[in-house]
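**Q**
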Amino acid sequence: MIKKIGVLTSGGDAPGMNAAIRGVVRAALTEGLEVFGIYDGYLGLYEDRMVQLDRYRRFRHDQPRRHLPGLRSLPRNSAKNTSALWLSKT
20 MIKKIGVLTS GGDAPGMNAA IRGVVRAALT EGLEVFGIYD GYLGLYEDRM VQLDRYRRFR
80 HDQPRRHLPG LRSLPRNSAK NTSALWLSKT
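Following the numbering used here, the numbering of the sequence shown begins with 20 at its first residue and continues without gaps.
(1) Which first and last residues belong to the alpha helix (DSSP H) in which residue 40 is found?
(2) Hey, how far is the Cα of residue 11 from the Cα of residue 21?
(3) I'd like to check one pair, residue 30 with residue 55: are the Cβ atoms closer than 8 angstroms?
(4) Can you have a look at residue 35 and say buried or exposed, based on whether 16 or more other CB atoms are within 10 angstroms of its CB?
(5) Are there 16 or more other CB atoms within 10 angstroms of the CB of residue 80, so buried, or fewer, so exposed?
(6) Quick check on this structure: which residue in 44, 59 and 51 has the alpha carbon closest to the alpha carbon of residue 28?
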């Protein structure tokens, strides 16, 4: 049985995404799962930048960052070019 989940977005315009994420987090917490918010989309997943969420913790947008958490668009044809996923450390 799943006991932990991570929540991230790949960026771009997505009306209603905050409400959808909030719903996923609340439902998971109600089911007793551990929930982690992942900063900076797939790059944050790769670099293990996450924070455990509960009903009271929110992402803090005032942390020193060059952009807000999760706001990163994937370029066109990103599935064909893995460097577009920012997963390369070279």
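Backbone N, C-alpha and C define an ideal beta-carbon position, used for all residues, glycine too. Here the structure is a predicted model, which is why all the values come from computation and not from measurement.
**A** For this structure:
(1) Indexing the sequence shown from 1 puts residue 40 at position 21. If you look at residue 40, you'll find it in the alpha helix (DSSP H) that goes 36-49.
(2) Because the chain in this structure spans residues 20 to 109, residue 11 falls outside the shown range and cannot be described.
(3) Position 36 of the sequence shown, counted from the start, is the residue given in the question as residue 55. Position 11 of the sequence shown, counted from the start, is the residue given in the question as residue 30. If you check the CB distance, residue 55 and residue 30 do not come in under 8 angstroms.
(4) Translated into the one-based positions of the sequence shown, residue 35 becomes position 16. Per the 10 Å Cβ criterion, exposed.
(5) Here residue 80 refers to the residue found at position 61 of the sequence shown. Its pLDDT being 48, under 50, residue 80 is placed unreliably by the model, and the measurement read from it follows with that caveat. With fewer than 16 other Cβ atoms from the protein chains shown falling within 10 Å of its own Cβ, residue 80 counts as exposed.
(6) Reading the sequence shown from its first residue, position 9 is the one you call residue 28. For residue 28, the closest of 44, 59 and 51 by C-alpha to C-alpha distance is 59.
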